[in-house]
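These protein sequences, in sequence, are chains A, B and C. Per our numbering, the very first residue in the first sequence carries number 1; after that it's consecutive. Per our numbering, the very first residue in the second sequence carries number 1001; after that it's consecutive. Per our numbering, the very first residue in the third sequence carries number 2001; after that it's consecutive. From the three backbone atoms N, C-alpha and C, an ideal C-beta is built for every residue, glycine too. Here's the structure we're looking at; comments come further down.
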Amino acid sequence: MMLNYISKKLFNNKFLLQEEYYKKLKFLILKLFPIFIIINLLIILAIISPEFLSFTNFINIIRQTSLLFVLSAGMSLVILTGGIDLSMGSVLGLAGCIGATLIKSYGNLIGIMGAMMIGLLFGAINGSIIFYLKLPSFLVTYGTLQIVRGLAIAYMGGNVIWGFNQKFRFLGAGTFFTIPIPIITGFIIFLLFYLILYYTSFGRKVYIVGNNISAAIHSGINIGKTILSVYIIAGSIAAFCGLIYISRLNSAEAGLGAMFELDAIAAAVVGGISIKGGSGGIFGTVVGALIITLIKNVLNLLGISSLWQPFVIGISIVIAVLIDQLIPKKGGV
Amino acid sequence: MNTTFLELINIIKDFPGVRALNNVNLKINTGEVHVLLGENGAGKSTLMKILSGVYLPTSGKILMDEKDIKINNPRFAREIGISPIFQEMNIVPYLSVGENIFLGREPKNRLGVDFNEINKSTIRVLKRLGMGIKPNILVKDLGIAQKQMIEIARAILTKSRLVIMDEPTSALGEIETKKLFEIIRSLKKEGIAILYISHRLEEIFEIGDKVTVLRDGKLVDTVNIKEVTKSKIITMMVGRTINEIFPRNFMTSGEKVLQLKNVSSRNKLRNINLKVCKGEIVGLYGLVGAGRTELAQILFGLDSFNDGYIEIFGKHIEKLNPIKCIKIGLGLLPEDRHKNGLCLGLSVKSNITKSSLEMEFPSGFISPIKEAILANRYIQECNIITPSVNRIVEYLSGGNQQKTMIAQWRCAQSNLLIFDEPTRGIDVGAKVEVHQFMNAHVNKGNSILMISSELPEILGMSDRIYIMYRGQIVKEFIRGEANQESIIQFAIMGSEKYE
Amino acid sequence: MNKNLLNISLPNIPEILYVLIFLLIILGIFIPEFRTIGNILNIAQQGAVLAIIALGSCIITIIGGIDLSLGAVLSLAGMFTALLLKENFNLIISLMGGIGCGLICGLITGIIIAYGNVPSFVATLGMMSMARGISLGLFDGATISGLPKYFRNFANGYIGVIPIPIVIVLICYVILEYLMKREKFGIYIYALGGNQNAARCCGINSKILTMIVYTIGGLLAGIAGIIMVSRLNCGHPTVGIGYEFEAIVAVVVGGTPLEGGWGSLGRTLIGVIIIGVLKNGLMLLGYPSYWQMAIIGVGVVLALIMANMAFIKSKEYINLQT
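Right, dumping it as structure tokens:
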């Protein structure tokens, strides 16, 4: 029904040629696909466990989605420029651990600042090596992933830090008029990224660099600044998520954040961010994060151990990227 | 006696918006050096690509030994005996000479690949070509002339019947060229035909048997070299009646906006002296390899030069780069708009504003209303046909894409524009509009440096014309002094001496 | 993103060997425990697994690709073998099972990359996730222990004076080297990596070749996984994490350029030895394992800079730092 309305609208537009009509139709179908998936997943969930459709569970899902979304937003920004940041999980962990120890010794403010500095630092390292040394992003960030994780293990020395003060716990576990803070945080980050991507020249440059880097150079865009910035932002987001997580879990240990970057990548590509760069929107990332969260919940309710999740996430990434090959590059800006 | 073994009949090749080959007929005989001649864009490269299986003709027949064949891919072309030698060699750098020659057809023995056999055959065939390269050295260490030999050796060993050579002497010195010609003569003796694409008249007359001249995608004529003079050939290449009227109000020009003095670069350019004045359209003509695009790159800061200096709007700038150029009012519309000029997946609006982001939105925040108004203004001004500002540029026609690029630089308020092939690959109507725009641009007191391969365009639009030849400027014409023949002479031979 | 602009400067055989010899001498002088036979054998044992993976990684790098899943496939294949052994299957069948598992993973990866046109890092990232997921999920995160006693001898046994894993490495090396140097395979690999157009024009089927290369990578990961299981005496779901990274480091240290076109299995093995020696030295000096990789990672970046691999003199990027 909706498709009929859409096709009527398309036919009326005299500027569209026949082949373009089909292209647009295919594009619309592929665009609606995620929503289709979400609806299906929700139906499955409801069937498996009717109590699922309760308000608390709903809030639960939204909260998990928000957490995943924040990390994935940073990842999306990097992927939009045509790169990738595999180190986000490790940076999340290291920042969380260092933040935790600093909070314990010097208070919340120092702890938060310290954690964010870690994110900034490794983001800058990633970006610099990638841009100035012209090494592929997946390789550099894969190396950073290993190195930072090693640093976290060394730093913690096998210890676990737990028990933060009430003020800090607010970040991850608090509520504001019964809405969990992470949801509000996610919403704010969404607005922020929406603003950045569509209302700032920096965001515009991200799309231009990702879509055609040579044209970006020929148009006088400072691609170095753009590339460095996205990795710094990604690192900072990872660090910020580290703080949220230790606040939620009320503890910090060296393995925090392991494999989180996979979830972030999955949310981004399933949500329509093209791995080739220059295509996809931040709202898509929200949808992608929701889908991944729903998938995880379905697995849980079906009694499938969470150890299977990497498998499902891996397949989702591969399928999403394969589908992405069928869609022509479109920026949406 | 030479027989016709390969025939192209009524070949038509269309690309979106452009007919690259229009009913071309060609007969190639065994043992003959058949020269393919024409200006840039005449269709030589398209024809060559059809023969080597890279393109399929839109219509027409290809007959080999009087049998209808379809050359679907490069592999098939090689199988039926057509060996193209492109300028980007089909050579694997880290394999040996012998391995390259036998790539895909390695002889085997019980232990695997028979390297002995490869080496022996390689030495044999290289000896015939008069070369003593060891068969097991890596190809990457060889010079261009030797790499060509490897491709020729491969052609011989695969029993090729036609070897296509695309500008083979452009990177060779005199001695190497002489050697190449000896080899070509020995290939002829074995009945191998050569399709020789070049614009070097002295060489054509030295080595060629027949010459086919293409012009604007059409076949002009095929003649025996012995029965024709150089001046006749030149007339065949460019002897078109120019029916187009170019929109130009020629006015007196003002002070210099661009000046190059003795500029040389490491790879090609030598002693470039060039100037552009206010209100002028300066044309830059040259054949492939003359160095025009290299010059544009240097002007826009995309490549460096190591001698001489450049003054833009009277200022000398250290370490040019695109960002600085745009700031002082210089803009470049690259030759390949898909690769370097436009972001095909983004909207018309984004493409128009992409060079002006700092200028129009200094705070860093983009106001969508302001941007839409801005984009609309230039869409109107440049007459870009698009249903909305948000239309993805990929869906626009070639002409509208070109106009979008123009709009981008209008939006960036560029006074001096470097136009690299302004009307390549666009339809006639859009061509006229681009020319009208160029005229309007300079009438406002701005200037254009126009690099073009289309003689009518160069003659019709330019106030002054520079001709480039092998990295140097060999002639400067003032409007009215030049005609098609004189321009081509300088472009082909570097001077006007010929019989 | 397809411009290939790295400026390559390859270390010659003498250089890399000199580095190794230098390392051996320095470590031998300053760390007494280094010189013991036991220690040398230790290095050999640990390095064997990495060496086998690195051989596969080298070939994949030559064609310009990358495989991030090798460590996960190693673990999965090992688990599979362990499972078969535990269920009292024949030794041969268990070994074939593990190798087959690795082979299938590599094959799937190869198909996705060659026919799905997915960039290799994403495809292998996905495969890594999938393989790791299966290892964890299928056996609920548990290790598979209780393997027949004789299986321990596999990794800890000797043929003459040489440990069995080293023998396996040498066999793999010899077979692969034969394929690379004497069979069409090697020539085609270099062609595919060096000039894809030339390869296609000469009739080389790039898709099938790509598939084969990743399959070989998976197969080798399978073999390595089996050795690992024998050494640990159990199937372990999280073993091998980071091995693909160490393998790439070994490949790069061995002088193979990242964008492909050239590579040497022998130099890659020297690279593996260098890494093994370095890690061993750091361990004897008291640095825990997590420091070792960090230091080696930094060292690789420095080596890349020095070998000029990392700087590009490209005209587009000159003068862009305003």
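Alpha carbon to alpha carbon, how far is residue i from residue j?
i, j, result
"residue 155(A)", "residue 256(A)", "13 Å"
"residue 1381(B)", "residue 196(A)", "30 Å"
"residue 992(B)", "residue 1004(B)", "Because chain B here runs from 1001 to 1499, residue 992(B) falls outside it and cannot be looked at."
"residue 2124(C)", "residue 2067(C)", "5 Å"
"residue 1291(B)", "residue 1299(B)", "12 Å"
"residue 1327(B)", "residue 1410(B)", "13 Å"
"residue 1417(B)", "residue 1436(B)", "15 Å"
"residue 2270(C)", "residue 204(A)", "47 Å"
"residue 1056(B)", "residue 1049(B)", "8 Å"
"residue 1162(B)", "residue 1017(B)", "31 Å"
"residue 1169(B)", "residue 2256(C)", "34 Å"
"residue 1189(B)", "residue 1196(B)", "16 Å"
"residue 279(A)", "residue 1345(B)", "8 Å"
"residue 69(A)", "residue 264(A)", "8 Å"
"residue 2020(C)", "residue 2259(C)", "25 Å"
"residue 2009(C)", "residue 2272(C)", "Bear in mind that the predicted position of residue 2009(C) carries a pLDDT of just 40, short of 50, making it unreliable; the figure below should be weighed with that in mind. When rounded, the distance between both Cα atoms is 20 Å."
"residue 2170(C)", "residue 2047(C)", "12 Å"
"residue 2116(C)", "residue 2108(C)", "11 Å"
If residue i sits next to residue j, beta carbons under 8 Å apart, how far is it from one beta carbon to the other, in whole angstroms?
i, j, result
"residue 1278(B)", "residue 1301(B)", "In fact, because the Cβ distance is near 22 Å, the residues do not count as touching under 8 Å."
"residue 1082(B)", "residue 1051(B)", "6 Å"
"residue 1426(B)", "residue 1402(B)", "5 Å"
"residue 115(A)", "residue 252(A)", "So it is not a contact: roughly 10 Å between Cβ atoms."
Would you decide whether residue i is buried or exposed? Buried here means 16 or more other CB atoms lie within 10 Å of its CB.
i, result
"residue 1093(B)", "buried"
"residue 162(A)", "exposed"
"residue 138(A)", "buried"
"residue 324(A)", "buried"
"residue 2160(C)", "exposed"
"residue 1042(B)", "buried"
"residue 2036(C)", "exposed"
"residue 2149(C)", "exposed"
"residue 245(A)", "buried"
"residue 192(A)", "exposed"
For residue i, would you say it is in contact with chain A, using Cβ-to-Cβ distances shorter than 8 Å as the test?
i, result
"residue 1313(B)", "no"
"residue 2260(C)", "no"
"residue 1422(B)", "no"
"residue 1323(B)", "yes"
"residue 1342(B)", "yes"
"residue 2116(C)", "yes"
"residue 1083(B)", "no"
"residue 1112(B)", "no"
"residue 2288(C)", "yes"
"residue 2015(C)", "no"
Hey, is residue i's beta-carbon within less than 8 Å of any beta-carbon in chain B?
i, result
"residue 2254(C)", "no"
"residue 29(A)", "no"
"residue 2195(C)", "yes"
"residue 2183(C)", "yes"
"residue 2267(C)", "no"
"residue 326(A)", "no"
Is there at least one Cβ from chain C nearer than 8 Å to residue i's Cβ?
i, result
"residue 308(A)", "yes"
"residue 260(A)", "no"
"residue 322(A)", "yes"
"residue 143(A)", "yes"
"residue 16(A)", "Only weak support exists for where residue 16(A) lies, its pLDDT of 46 falling under 50; the value from the coordinates is given anyway. So no, residue 16(A) is outside the interface."
"residue 1538(B)", "Nothing can be reported for residue 1538(B): it is not among the residues displayed for chain B, which extend from 1001 to 1499."
Contained alpha helix (DSSP H) runs [length at least 4] in the segment 1106-1150 of chain B, N- to C-terminal order: Runs of the alpha helix (DSSP H) lying entirely within the segment 1106-1150 of chain B and spanning at least 4 residues, in chain order: 1115-1128.
Complete beta strand (DSSP E) runs within the segment 2178-2203 of chain C (minimum length 3 residues, chain order): Qualifying beta strand (DSSP E) stretches: none in this window.
Sequence ranges, beta strand (DSSP E) only - wholly within the segment 1208-1255 of chain B, length at least 3: Assignment of beta strand (DSSP E) within the segment 1208-1255 of chain B, counting only whole runs of 3 or more residues, yields 1210-1215, 1218-1224 in chain order.
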